[in-house]
Structure formats: C-alpha cells, structure tokens
Amino acid sequence: MLLERIVSACLRGLCRLFTGAQPRWLCDPRSLAPRVYFANHCSHLDTVVVWSTLPETLRERTRPVAARDYWGHGTVRRFIAERVFDALLIDRKAAEGAEQVEQHRQQTLDAMTAVLDSERSLILYPEGTRGSGSAVQPFRAGLYHLARARPGVPLVPVYLGNLARILPKGAALPVPMQGQVVFGPELRIAIGEDKHMFLERCRQAVLELAGGRA
Amino acid sequence: MSLFADRELAWMIGGILVFLSIASLIAWVLKGRARTESAQATVANLVARIRAWWAMVFVFGIAIATGGYGSLVMFAIVSFLAMREFMTLLPTRRADHRAMVWTFFLFLPAQYLFVAIGWYGMFALLIPVYAYLLLPSVQVLAGDTEDFLARTSRLQWVLMICVFCVSHAPALQMLDIPGYEGQGAKLLLFLVVVTQISDVLQYTVGKLFGKRKAVPTVSPNKTVEGYLGGGGLAVLIGTALWWATPFAPWQAALLSLVIVLAGIAGGLVMSAVKRDRQVKDFGALIPGHGGVLDRIDSLCFSAPLFFHLTRFFFT
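Chains A and B, in that order, give the protein sequences. Residues in the first sequence are numbered from 1 upward in steps of one, following the working numbering. Residues in the second sequence are numbered from 1 upward in steps of one, following the working numbering.
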C-alpha cells in the first residue's frame with residue numbers, strides 16, 4: 001500500500017511539473033455517481049493526466065481503460081497500471097473470425113459494465129489509438145455499445161490539449177509545456193439514437209471543449 | 001551571506017516588507033472607496049497583485065536567506081517555469097521534440113551548474129556557442145526542413161531569454177568584487193528591487209497620471225508619464241540603496257538607470273512576443289500578474305546588462 005501511495009504521489013507531482021495541468025470543470029466535480037469519461041487520445045500521458053487531475057474522491061473510484069498490449073508489459077508499467085491506476089486492461093487485438101470478434105466485443109463490454117455496476121467510473125478513449133494530436137479521429141463503436149448497455153450512466157467528454165506536443169508518439173522523454181484538461185458537461189444517449197449520429201455527437205462534444213484550439 | 005550575519009541585507013529586506021505593508025494598507029483603503037464597477041475591478045486586481053507580491057517576496061526571501069545555493073535553485077526553477085510557458089506558445093513541429101528535451105534537461109541544468117561551481121567561461125559560452133550549434137544539429141537530424149530557420153531561431157531565442165539571461169541574476173553572487181567578498185546576495189537583491197520597483201512604479205504612476213500612450217501598437221497601457229515618473233522614481237530608489245552595494249551614489253544612479261531602461265525594453269519586447277502569438281499573458285501561475293514570464297520580462301533584460309557592467313567596472 002505504501003509503495004502504491006508513493007508512486008501515485010510521484011506520478012501526480014511529475015504530471016504537474018511537466019504538463020502544469022489544471023482541470024477546468026464544466027460538470028460537477030463532486031458528483032460521486034459512476035460516469036464514463038471519454039477523451040481524445042494523443043499521448044501516453046493522457047491517462048496519467050486525466051487520472052491525476054481528478055479530485056481524490058473521484059480518482060479512487062475511477063478506473064482507466066487501458067490497452068493490455070502496452071500497459072500489461074514490463075514490471076514498472078504493469079505495476080502502475082494495475083496497482084496505481086487500477087486500470088481495466090483490455091485486449092485491443094480482436095481475435096480472428098466473426099464469431100470470436102463478437103465474443104471479444106461482448107467480453108470487453110461486460111468487463112466495462114461490471115465496473116459501472118460496482119459504482120465506479122471509467123476513463124476511455126473512443127478513438128482507440130493515439131492520433132497525431134492535430135485532429136480527433138472518428139470514434140469507435142465501443143462507446144455506443146457501452147452507452148446502450150447502461151443508458152442511465154452520464155457520459156463526460158474530456159478534452160486533452162497540447163499533450164501530443166509534450167510527449168508525442170515515439171518519444172521517450174517529455175518536453176514540459178502547459179497542457180489543457182477540460183471536463184465537459186454530462187451527456188447521455190437518447191432513446192433509439194443512431195449509432196453514427198451518437199458517436200459523431202460525442203466527438204463534437206470533445207471538439208467543442210477545445211475552444212477553437214484543436 | 002546569511003540574512004542574520006549581514007545587517008545591510010536585513011535592512012533591505014525589512015524595507016521591502018515595510019513597503020509592501022504600506023501597499024497593502026493603501027489597497028485596503030481603496031477597496032472601501034471603489035464605487036464604479038471598473039474601479040472595483042482595478043482594485044481587485046491590485047489586491048491580487050499585492051497578495052502575489054507577498055508570496056514572491058516570501059519565496060525570494062527564503063532563497064536569499066539560505067545563501068547562494070538557495071537563490072540559485074530558485075532562479076533555476078524560475079527558468080524552468082518561464083521556459084515551460086514560452087515553449088507552450090511556440091509553433092513547434094514533431095522534429096523539434098528532441099532539441100526541446102535537450103534545452104530542458106541538458107542546457108538548463110548545465111547552465112546553473114556552471115553558475116554554482118563559478119566556472120565563468122562555460123557560464124558565458126554554453127548557450128551562445130555550444131547550444132547555438134548543437135540544437136540546430138539535433139533538429140536537422142530529425143530530417144524535417146520545413147520552416148527550419150524559424151524553428152531553430154525560436155528555440156535559440158527561448159533558451160537565451162529564459163535560461164541564459166535569467167541565470168545572470170544569481171550569477172551576480174560569483175563576482176569577486178574587492179572589499180565586497182561574500183556579499184553578492186545584496187547585489188542580487190539590488191538588481192531585483194530596482195527592476196521590480198520600476199515595473200510597479202511605472203504601473204502606479206501610469207494608472208494615476210498616465211495620459212499620452214507611449215507605444216500604442218505594442219502595449220496600450222504604457223504611458224509616457226508612467227515611464228518617466230515610475231522609471232525616474234526607481235532610479236532614485238536605486239541611488240538611495242547605494243550603501244548596500246559596492247557602488248558610489250553616482251555609480252548606483254547610473255546602474256539603476258541602465259536597469260530601468262533595460263527593464264522597459266524587456267517589457268516591450270516580451271509584449272511584442274505576446275501580441276505576435278496572440279495571447280494576453282504567458283500563463284496564469286501568479287494571480288493578478290499572469291505567468292512567471294510576465295513577471296520577469298524586465299529582469300531578463302536587466303540582469304545580463306547589470307552583471308556585465310558590474311563585472312567590467314568593479315572586478
């Protein structure tokens with residue numbers, strides 16, 4: 001427990017030092033009800049930044065969704081993912097064959113709904129993979145399926161700015177710069193809302209928080 | 001070099017505390033008198049500024065009181081924060097990443113290390129020679145030539161302003177001035193007091209009596225009255241502090257004038273940078289003031305000039 005606390009404090013301190021990130025809240029930061037935070041994805045820093053800018057009471061009950069192929073490898077990364085972030089590690093690589101793909105999707109969805117059912121929140125990146133930081137890619141369907149499975153759970157768009165410049169894809173060391181974290185107003189899926197329209201609405205919700213500075 | 005061993009240093013710090021107390025008192029009186037909305041906004045900003053001054057004086061006081069290394073570490077942190085703000089505003093490309101990492105993790109610590117060990121040659125050459133040649137080499141190896149000259153120039157400029165120039169302030173303590181050994185902290189305090197009081201008085205005189213805009217296209221709030229009145233008063237204060245320095249009163253007056261003029265130039269140049277990048281402030285770290293770089297813009301210009309004039313004439 002002590003080691004987790006020390007690593008957690010160090011990570012938050014380093015995050016503060018390198019990104020100067022102060023969160024801006026457009027929804028209630030004190031609400032303890034489970035939520036799904038979804039953010040644009042452009043850096044390995046994304047999870048650290050969202051996680052460390054959440055107030056402690058929320059951080060304790062929030063589990064980032066992370067790719068097993070990155071965060072499940074190496075002793076340090078694994079320790080941070082499992083013991084510090086309490087991340088929900090999922091397999092990005094879909095299995096071969098339509099049946100297995102469907103099964104894999106269902107397993108991932110079940111894992112995520114189980115977290116929400118245990119009164120905890122999720123952080124996920126509907127783009128699926130890190131972009132270049134200059135644009136937000138189209139969202140994948142996972143967010144839609146999750147929203148359909150638990151329509152009562154509020155979805156919070158999160159905009160992460162400048163993080164791709166601080167730690168771009170392929171870079172080992174970060175350049176300290178001022179990052180941006182904006183937690184947007186809660187939204188929910190409408191009854192019978194079309195998949196593509198819903199996903200595009202969510203994507204626009206993230207883009208709107210950028211305030212013209214995508 | 002401790003605060004308690006040097007009575008002159010204690011007097012200077014005591015003077016700053018009295019000055020700030022008076023400022024707080026005036027702000028408190030003004031707060032009760034402000035009627036219109038714009039007056040209340042001005043007073044609220046004034047209160048925020050003065051509160052931030054207390055915090056800055058507290059931090060700087062501790063840095064000075066812990067001897068040369070304390071202020072060295074403080075200025076290294078200031079350089080780091082200033083460069084972090086400045087880098088945020090730069091239009092950089094992916095290919096600049098490695099060179100930017102070098103500015104933060106190699107050149108910044110190395111520059112302050114050379115100040116710490118008192119190696120004047122490397123202190124003076126590290127950034128203008130070694131970083132000047134190494135950074136574009138690192139950038140060119142990334143293979144992206146788009147906008148290359150501008151990209152490499154920006155990086156050089158940021159490093160010069162935020163690290164090279166700022167490091168001249170704590171470096172004052174490594175000067176060997178005959179008859180003034182081990183008293184460099186007062187020289188540093190003299191520079192910082194004259195630079196900052198000049199900013200404060202220009203602002204105050206400008207707000208009270210300012211009529212003619214001095215440079216409307218760059219910084220619309222600056223007035224001729226503010227420059228002359230505030231700058232003139234700052235020179236008087238600098239002159240009146242001669243007893244804490246190795247200078248005669250007339251020398252303190254001339255050096256104060258240089259500090260004030262350099263500070264004005266620094267403020268204007270950094271305003272132009274902000275206009276160019278279309279931001280109002282470099283950051284929001286210091287309430288009422290903006291970012292760290294907004295507070296030290298004048299010091300960036302006054303520190304190297306004051307350092308080299310003192311070094312040339314007094315060592």
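Backbone N, C-alpha and C fix where the C-beta goes; we use that ideal spot for every residue, glycine too. Predicted model only: the values in this text are computed from it and were never measured.
Does any CB atom of chain A fall closer than 8 Å to the CB of residue i?
i, result
"residue 85(B)", "yes"
"residue 92(B)", "yes"
"residue 101(B)", "yes"
"residue 104(B)", "yes"
"residue 288(B)", "no"
"residue 210(B)", "no"
"residue 315(B)", "no"
"residue 195(B)", "no"
"residue 283(B)", "yes"
"residue 204(B)", "no"
"residue 97(B)", "yes"
"residue 1(B)", "No answer about residue 1(B) holds up, because its pLDDT of 46 lies below 50 and its placement is not dependable."
Quick check: what's the CA-CA separation for residue i versus residue j?
i, j, result
"residue 108(A)", "residue 91(A)", "8 Å"
"residue 175(B)", "residue 182(B)", "9 Å"
"residue 223(B)", "residue 39(B)", "19 Å"
"residue 24(B)", "residue 267(B)", "25 Å"
"residue 271(B)", "residue 12(B)", "30 Å"
"residue 163(A)", "residue 292(B)", "21 Å"
"residue 137(B)", "residue 206(A)", "38 Å"
"residue 264(B)", "residue 257(B)", "11 Å"
"residue 209(A)", "residue 37(A)", "14 Å"
"residue 204(A)", "residue 50(B)", "42 Å"
"residue 153(B)", "residue 171(A)", "22 Å"
"residue 195(B)", "residue 249(B)", "18 Å"
"residue 47(B)", "residue 34(B)", "12 Å"
"residue 119(A)", "residue 156(A)", "16 Å"
"residue 219(A)", "residue 312(B)", "Outside the displayed span of chain A (1 to 214) sits residue 219(A), for which this structure offers no information."
"residue 236(B)", "residue 253(B)", "7 Å"
"residue 4(A)", "residue 67(B)", "36 Å"
"residue 172(B)", "residue 119(B)", "13 Å"
"residue 124(B)", "residue 130(B)", "10 Å"
"residue 77(B)", "residue 51(A)", "26 Å"
"residue 282(B)", "residue 23(A)", "18 Å"
Just to confirm my understanding: we take residue i, look at its own chain, exclude 5 residues before and 5 after, and list those with CB closer than 7 Å. What are they?
i, result
"residue 54(A)", "62"
"residue 75(A)", "none"
"residue 153(A)", "34, 35, 36, 116"
"residue 300(B)", "161, 165, 166, 266"
"residue 231(B)", "198, 202, 260, 264"
"residue 168(B)", "303, 304, 307"
"residue 148(A)", "189"
For residue i, I'd like the list of residues in its chain whose CB is within less than 8 Å of its CB, leaving aside the five on either flank, ordered along the chain.
i, result
"residue 87(A)", "47, 63, 64, 65, 66, 71, 81"
"residue 17(B)", "57"
"residue 280(B)", "274, 290"
"residue 70(B)", "62, 63, 64"
"residue 189(B)", "9, 12, 13, 64, 244"
Using C-beta distances below 6 Å, list every residue in its chain close to residue i, excluding the 5 sequence neighbours before and after it, in chain order.
i, result
"residue 314(B)", "177, 246"
"residue 214(A)", "Here the model assigns residue 214(A) a pLDDT of 38, short of 50, so the residue's position is not dependable, and the following value carries that caveat. Once the five neighbours on either side are set aside, residue 214(A) has no close Cβ partner at all."
"residue 21(A)", "49, 53, 179, 181"
"residue 164(B)", "127"
Please report whether the beta-carbon of residue i lies at a distance below 8 Å from any beta-carbon of chain B.
i, result
"residue 213(A)", "Residue placement at residue 213(A) is flagged as unreliable, the pLDDT there being 45, under the threshold of 50; the coordinate-derived value follows with that caveat. So, not an interface residue."
"residue 20(A)", "yes"
Is the Cβ of residue i closer than 8 Å to any Cβ of chain C?
i, result
"residue 88(B)", "Within the model displayed, chain C is absent; protein chains A and B are what it includes."
**Message:** My parser needs the beta strand (DSSP E) runs of 3 or more residues fully inside the segment 35–120 of chain A; what are they?
**Reply:** 36–39, 62–67, 88–90
**Chain-ordered residues of the segment 30–46 of chain A with a beta carbon less than 9 Å from chain B** = none
**Request:** Below 7 Å between beta carbons is the criterion; list the residues of the segment 160–184 of chain A that meet it against any residue of chain B, in chain order.
**Result:** Across the segment 160–184 of chain A, CB contacts with chain B closer than 7 Å involve 162, 165, 168, 171, 173, 175, 176, 177, 178, in sequence order along the chain.
**Asked** Relative to chain A, which residues along the segment 26–41 of chain B have a C-beta separation below 8 Å, given in chain order?
**Response** So nothing in the stretch comes that close.
**Message:** Restricting to runs no shorter than 4 residues, where is the alpha helix (DSSP H) found entirely within the segment 14–77 of chain B?
**Reply:** 37–65
**Message:** For a minimum of 4 consecutive residues, which ranges assigned as the alpha helix (DSSP H) are wholly contained in the segment 110–187 of chain B?
**Reply:** 120–125, 132–141, 148–159, 166–171
**Message:** Threshold first: 4 residues or longer. Then list the alpha helix (DSSP H) segments lying entirely within the segment 153–190 of chain A, N to C.
**Reply:** 163–166
**Prompt:** Going along the chain, which unbroken runs of the alpha helix (DSSP H) with 4 or more residues stay wholly within the segment 184–215 of chain B?
**Reply:** The segment 184–215 of chain B contains these whole alpha helix (DSSP H) runs: 184–209.
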